[in-house]
Amino acid sequence: MEKSFLKLFFTAILGGIIGAWFLFTINSVIFGANISGTIDPKTEVLVNTSTLVPDPELWEKIVTKTSPSLVGIQTISNDRVIRQGGGIIISSDGLIVTTTDLWGPKESVYQIFYDDKIVKGELVDLDPKIRLLLLKTAVLNSSIAELNSANYKSGQEILVIGKTLNLSKPITVSQKGIISQATDTSVLVDTIPNQYLFGFGASDKDGRLRGMVYLKNGAVNLIKTEIIENFFKTYLEKIYK
């Protein structure tokens, strides 16, 4: 009786060991696990490669594309510079739009700095209500700014870009910004409020200008492209009546 019990006992233990070994072997085959519990190097692991990787040269490409349609501007009165900022070329016959922050006294001279030349600009139109000023030069230019009047949304990333002057030579300056607030009447940009930003353009990631910036109460504001386009159309209607 005792021998039968021991035989049954050892048989049960052996069966348990064999069963455990069988289950472990099956799990290893199914899940590709080795004895240490790590993934078998031979097991194929699927990796999601659909995530877009930002172009590290994106901003440099934007500057290269938009820079030819931008100019530097100085307002001179009594032989001294009283205003300085940038402007956007909006027509091939020499029309340049900027902000009224560069508007000087009646006798003021407006110097326009292209990449390869300095010319005088004539004040031909302005509208203080929308903060825009239009200058006319004798320079024919094919580098016209490409405007984008799509919806403005908080969180959109832009590149503030324009030309400032260094020893009477224009240099392209750019800085990143994010639209922090957008309403029907105003757009605010979260960026460094440098004093030379008046009349600078604001480009999207495709190199199209979303508007023109100016400073107010220490904040960078954006004039929408739709307002700029309407200002330009109104001017054309005046002169071709």
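What the sequence shown shows, in the working numbering, is residues 261 to 501, in sequence order.
Glycine is no exception: its CB is placed at the ideal position from the N, C-alpha and C atoms.
Predicted model only: the values in this text are computed from it and were never measured.
Proximity of residue i and residue j at Cβ, strictly below 8 Å
| i | j | result |
| --- | --- | --- |
| residue 345 | residue 492 | no |
| residue 336 | residue 347 | no |
| residue 434 | residue 421 | yes |
| residue 249 | residue 483 | In the structure as shown, the chain starts at 261 and stops at 501, and residue 249 therefore has no counterpart that could be examined. |
| residue 463 | residue 322 | yes |
| residue 541 | residue 467 | Absent from the structure is residue 541, since the part of the chain shown begins at 261 and ends at 501. |
| residue 451 | residue 465 | no |
| residue 401 | residue 446 | no |
Neighbourhood of residue i by C-beta distance below 6 Å, restricted to the same chain and skipping five residues each side
| i | result |
| --- | --- |
| residue 416 | 439 |
| residue 363 | 393 |
| residue 430 | 332, 373, 423 |
| residue 397 | 354, 372, 379, 381 |
| residue 460 | 346, 420, 422, 473 |
| residue 490 | none |
Of the listed residues the options, nearest to residue i (C-alpha basis)
| i | options | result |
| --- | --- | --- |
| residue 339 | 324, 327, 464, 370 | 370 |
| residue 395 | 389, 447, 383, 406 | 383 |
| residue 448 | 414, 389, 461 | 414 |
| residue 477 | 453, 379, 467 | 453 |
| residue 389 | 368, 359, 343 | 359 |
| residue 342 | 456, 488, 377, 501 | 456 |
Supposed contact pair residue j and residue i - C-beta distance, whole angstroms, cut 8 Å
| i | j | result |
| --- | --- | --- |
| residue 404 | residue 327 | Not really, about 13 Å apart at Cβ, beyond 8 Å. |
| residue 399 | residue 379 | 6 Å |
Contact set for residue i: own chain, Cβ-Cβ below 8 Å, skip 5 residues either direction
| i | result |
| --- | --- |
| residue 498 | 385 |
| residue 425 | 332, 334, 344, 373, 431 |
| residue 319 | 419, 434, 436 |
Same chain, Cβ closer than 7 Å to residue i, neighbours up to 5 away in sequence not counted
| i | result |
| --- | --- |
| residue 410 | none |
| residue 485 | 407, 408, 409, 469, 470, 471 |
| residue 428 | none |
Beta-bridge pairing of residue i - partner residues as DSSP gives them
| i | result |
| --- | --- |
| residue 356 | 349, 395 |
| residue 479 | 476 |
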